[in-house]
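Shown next, in structure tokens, is the structure this report addresses.
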Amino acid sequence: MTVLLDLQVVADQLRGAVPESVPRVDTWAVIVDAGHLVEAVRFLAGSALDLSFLASLTAVDRESHFELVYHLQSLDRNHLLTLKTIAEDHETPCVPSLTGEYRGAHLQEREVFDLMGIRFEGHPDLRRMFLWDGFPGYPLRKDFLGMPGTLSAGLPGFPHESGENRWPVPGSTPVIPQS
Amino acid sequence: MDGVGHHLAFWSLAVITVGAALGILVSRNLIHAMVMLILSFIGVAGLYLLLSAEFIAVVQILVYVGAISVLMLFAILLTPRAARDNAETAMRYPGLILMGLVIAATVFVALETDWGAVREEPVAESARIIGQSLINEFVLPFEIAAVLLTAALVGAVALARRDDEDIDAHEQSLTLEGREDSGGSS
Amino acid sequence: MTIGLEHFLVLGALLFGVGLYVALAKRNAIGVLMGVELMLNAVNLTLVAFGRFVESEVALSTSVFVVFIIAVAAAEIAVGLALAMVVYRNRDTINVDRVNLLKW
Amino acid sequence: MAIETPKRVHSEPVVVNIGPQHPSTHGVFRLKATLDGEIVQDVDMLIGYLHRSMEKLAEERTFTQNIPFTDRIDYLAAMSNNLSYCLAVEKLAGIEVPLRGQWLRVLFAELQRIASHAMANGTFVNDCGAWQTPLMYMFREREKILDLFEMTCGARLTTNYMRIGGVAFDPPLELWPALCSLLDEMPDRLEEYAALTVDNEIVLARSKGVGVVSAEAALNASLSGPLLRGSGVPWDLRKADPYCVYDQLDFDIPVGRDGDCYDRFRVRLEEVRQSVRILNQVVERIPGGPWQAEVPLHLRPAAGEAYARIESPRGELGFYVVSDGGPTPWRFHCRAPSLINLSALKEMTVGRSLADAIVTLGSIDIVVGEIDR
Amino acid sequence: MSAWLLAAWYDLRDLSGISREITEWVASWGPEWLASAVSGAIGAIGILAVIGPTLMILIWTERKVIARLQVRYGPNRVGPRGLLQPVADAVKLILKEELVPRAADKWLFFLPPVLVFIPALLVWGVLPFGPHMQVADLNVGVLFLLAVSGTNVLAVFIAGWASNNKYALFGAMRVIAMTISYEIAMVLALLTVVFLTGTMSINGIVLWQQQEDLILIVLLPMTALTFLLGATAELNRTPMDIAEAESEIVAGYHTEYSGMRFGLFYAVELANTLVMSAFMATFFLGGWWLWGLDAWVPSWIILLVKTSLVYFVFIWLRGTLPRLRIDQLMTFCWKLLVPAGLLFVAIAAVERTLLLEYAWDRTIALPVMAVINAAVTVAVIGAYARVTGAGAHRAPAGPRMARGRLGGLRAARQLAQAPSGSD
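Protein chains in written order, with the working numbering: chain Y, 1 to 179; chain L, 1001 to 1186; chain C, 2001 to 2104; chain H, 3001 to 3373; chain E, 4001 to 4423.
If you want it as structure tokens, here you go:
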């Protein structure tokens, strides 16, 4: 059975190895400062914790900032750690890339870049992956587009579009973004 | 050889052969020229059949159409696209004059010479006779041809083999000097 | 009119002439080889025609010559194409008028 | 000719697009291969032809409404996707699944694994150049499994069977005899496949030593599933992080030796055998009782997040679901094994021939629906 | 057999009677050239009449047999038992638009479907359907077969080049490399046969088998195998269909061909397969001859049955085996088939000399030779298998079982060091 690492213990170890790398710990994850992310991950992947398997990498749009969520797994010791990094700038978020540490981050970071618009510093090949080059905006952001008549918020049209050549939406008013 | 069939065969094959040869001459595309050459080879094979030289005809198809032209097509593919045109050099007009002279002289000789006794019936069973004369009267040339073929094979392999040092040196020189204009494009 | 030796000889002369022109005037090394092949074919045709129409001591000795010529032509074409490849590799062209160095 | 002559390059590399319409990309997957003769110098994958923006759409639907989306992520293993998503939401909302529901989930997930591996192995041998025959043989069992699915939930591919808190229906009574007869004949069938393929000289020549990825590289590239196990890493979430009732079941994890295409093929073949073992135990031991917990239709889990993963046929299939306390997920992310398994594609194919690249791609067993989502 | 029955034109056992009757009748009133033209026309029409319907049946047979091999039904909707499926296919192909890629070499693009058809028809001319049923009994028949079937490669090459498609070009390159190599193996195989029988006439080879009262596959198993494999390569059929490898280069040289042009390629592929089966049957299975049965049963039916047998082998191979890679095919050809071919040429020369010069008792000599040749064949193949490390007994071990050793690299290393018989 995979053990979820005690976040506080990991945070203390991280603070010992990489000073000022962990500003806080929330209920689910250790939150690492973006500036110290690579060092912190290098420490975590090392022999002390053996979190050498990047199980999943994704990002969450928290409207004011982005959260990058890393699930790190140790196969030999069978424990799992959720790591988070905050990208403060909501317009042009940028975090260091983990491709140097994990080859597996390559495609996942491209995916996050493509859909969330988060730049990864040091990624060797940061291109759009699913969407075509020149696609306007980043669709997984909360402020991208709202589908009319549905439950969640969003922009009524593509950000660059002027009012008249929007997608025609019969008989419905665009949902105003709430914040 | 005075039957209708013979006339028909000879004239159509002659037109195919010479026409295809002229096609090589005028064609600007090397691959088209190659196809014309193959057609010409096939025409010549037909003429051999007309001359009752079945064995030679089949060998013509086997060697020229089956092997040599394929080899040439392969060589064309191995060269770059830019080198696949079939343009002429400055030798065009001297070549034309020389061609006219040679044809005229040969035709004159061919028509004016008395070729002696003319055989009406062809020699039958050409393959067997050729085989026998190859290993009886012509056994020395036969062996020499074998040696020549082997030497050619080895030579071709040795020439076309590509040493790794060669590539490196060559690519270095390319990057230093830049690539020469290979002339012509398609 | 019967189709006789002369017909084939004239045909061979025409073929030889065209081949000569192609071999002389074409710029591409492979084109030149095509011309050479045409000339060889013309000669072969003439030889076979002689063998068909003219009595000889050894039956079909001309055909034996033709077989030799075809064999040598095959060898020649292999070496010729290999040469063309080498020239291309070293000079980056197979234009015969650009291969004007006797040494490299 | 479409081949461009680059200025200073002496030998001309040829760029060949394998896909998006190509017999062996199993979908609209485009592999841009730069070839020197037949040797692959570089590969670049251009994907997204099947991108349906599932993750965005899911943010607009309630938690329950999202289950059909998961069917369409990996349309060859819909049950696994259902299961993984439901596990994530249950983790998020703290829902306990009744015992029979858990056993039924294992039953259908394992059936799905057999069906998916049959497809994977069939198309793999197809990519080696066989003329459809292995595929047709393996489709035979897949058909029967799909019939079982149809019996249970009315659909064959997009099953939409798992529910948050259990499964949608108790299977009909006629499922059990059909399942038992399938399980009875499976060992024979597997022997037949093995006899036809595993020591076939041509299959060996084509796949042994091709597309090798070492254990270190596989771990570093986050590979999972048969790829990781084919490289010799004994890692299976059913054992390592058991969900449902896998900890009560007796089965083995096959592990490859060299990490080549052949090993992946053999690992999949062996996993089918292990799945049959599991299914036999399920048929014997499945308890009665309810199969679904009482879950409100408009589920509103408290704000929070959950990451649940299962061992899908293709590897670690995880769903990361974030709730803000509303009726819809705030974030819905699928950790797609097909996509991440492609991380090592370049290392596996460069320097070998085009034919090997095709075989390697076949052995990765991609599903484009899952890559693109 | 009464002589009058054999000579009569309605004797089904020897359909050449019809041709002879008609030709003689034409010669009785018309000029000589007309008679020979009519005789040629009869042969051509006869061959076309054989090929046309046979192709239709073949398409159906191939699909049906492959379907059976693949546990499915195959065509069963159009006509009784799907027999009209080929007709429906043909109608579909004819009605389909024939696309020409814009960048294709227009002139050359038209050529290959025609070019590929001519040799496919020509080779039928030297196939003996019976003792007299042969359009042209060339005394260089074997060479003719090789020469004409070898020209296929040109058509295929031009098709690949003219389509201006990279897949097609790859197919063309592959087909040239492979066909030239395998043609050498095939030439050596036929050379062995010619050495042993002492004739290049194809009918002569059948007559030799009749005279010696044995079929050549018994005497020359390796040669027969080489011929079969060479034919497979020449026909681009699995396991050597790298020229149109579906999973790699889509359809190879005929990727860009659609409509009836593709139909021609497809028909020629089948016709060539059929004719190669027929030649395989003629060279190695005795052709129209079958230990005296040919006096009772029409000889062409005997040939047809033997051809169907060989054809079934081709279908069987296609339905069973995956494809080899081009380097493996080349290795196989140049390291096994060609050296073995040379060896058997020498063996055949020695055996022929022994038979002729020393006039050994054939009832003893031929079985002894068959045994020796079979032994050499087994030895050669065994040696090749040993060198390349092939062999069913050397199938690699299956996967290991983790058995509780779950984990990452450390566990992987432990598992790798564990005794291999752990499962």
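Each residue gets a CB set at the ideal place from its N, CA and C atoms; glycine is no exception.
Just verifying my parser: in three-state terms, what is the DSSP assignment at residue i?
i, result
"H:P3254", "strand"
"E:V4297", "coil"
"H:G3315", "strand"
"E:L4321", "coil"
"H:W3330", "strand"
"L:Y1048", "helix"
"E:F4279", "helix"
"H:C3428", "Any answer about residue 3428 of chain H is impossible in this case: the structure gives chain H only from 3001 up to 3373."
"Y:E111", "helix"
Are the beta-carbon atoms belonging to residue i and residue j less than 8 angstroms from one another?
i, j, result
"E:L3961", "E:R4325", "Residue 3961 of chain E lies beyond the range of chain E shown here (4001 to 4423); nothing can be said about it."
"E:A4245", "E:N4164", "no"
"E:A4243", "E:V4156", "yes"
"E:A4374", "E:P4221", "yes"
"H:Y3307", "Y:T27", "no"
"H:G3315", "H:L3227", "yes"
"H:G3154", "H:D3356", "no"
"E:A4168", "E:G4252", "yes"
"E:T4273", "E:I4202", "no"
"H:T3159", "H:D3071", "yes"
"L:R1028", "C:F2053", "no"
Hey, is residue i's beta-carbon within less than 8 angstroms of any beta-carbon in chain E?
i, result
"L:L1030", "no"
"Y:S56", "no"
"L:E1054", "yes"
"Y:S52", "yes"
"L:L1050", "no"
"L:V1102", "no"
From the beta carbon of residue i, is the nearest beta carbon of chain L less than 8 angstroms away?
i, result
"E:F4283", "no"
"E:G4421", "Caution is warranted here: a pLDDT of 48 is assigned to E:G4421, below 50, making its placement in the model unreliable, and the coordinate value is therefore given only provisionally. With 8 angstroms as the cut-off, E:G4421 does not count as an interface residue toward chain L."
"C:V2043", "no"
Of all Cβ atoms in chain H, is any one closer than 8 angstroms to the Cβ of residue i?
i, result
"E:E4021", "no"
"Y:V25", "no"
"E:L4005", "Low per-residue confidence applies at E:L4005: pLDDT is 47, beneath 50, and the placement is therefore not dependable enough to give any value."
With DSSP as the reference, please indicate the residues paired to residue i in a beta bridge.
i, result
"Y:V60", "Y:E67"
"E:H4132", "Looking at the DSSP assignment, E:H4132 forms no beta bridge with any residue, so it has no partner."
"E:E4256", "Partner(s): none; E:E4256 has no beta bridge."
"H:E3305", "H:V3322"
"H:A3414", "Past the boundaries of the shown model lies residue 3414 of chain H; chain H is included only from 3001 to 3373, so the question cannot be answered."
"L:D1085", "L:N1029"
"H:I3310", "H:L3317"
"C:V2079", "DSSP output for C:V2079 lists no bridge partner at all."
"H:P3020", "H:P3020 is not bridged to any residue."
"H:R3163", "H:G3166"
"H:A3033", "H:V3016, H:V3043"
"C:K2026", "L:E1088"
"Y:H79", "Y:V3, Y:S74"
Does residue i get closer than 8 angstroms to chain Y when you measure Cβ to Cβ?
i, result
"H:P3226", "no"
"E:A4402", "no"
"E:R4410", "yes"
Quick check: is the beta carbon of residue i nearer than 8 angstroms to any beta carbon in chain C?
i, result
"L:A1088", "Checking the displayed sequence, the identity of residue 1088 of chain L turns out to be Glu instead of Ala. Yes - at least one Cβ of chain C is within 8 angstroms of the one on L:E1088."
Exercise. Specify whether the stretch 4107-4118 of chain E and the stretch 4145-4156 of chain E touch according to this definition: at least 3 beta carbon pairs, one from each stretch, less than 8 angstroms apart.
Key: yes
Self-check item: Meets three-Cβ-pair contact criterion under 8 angstroms: the stretch 2007-2023 of chain C and the stretch 2032-2042 of chain C
Solution: yes
Quiz item: Is the stretch 60-68 of chain Y close to the stretch 3229-3244 of chain H, with three or more CB pairs under 8 angstroms?
Solution: no
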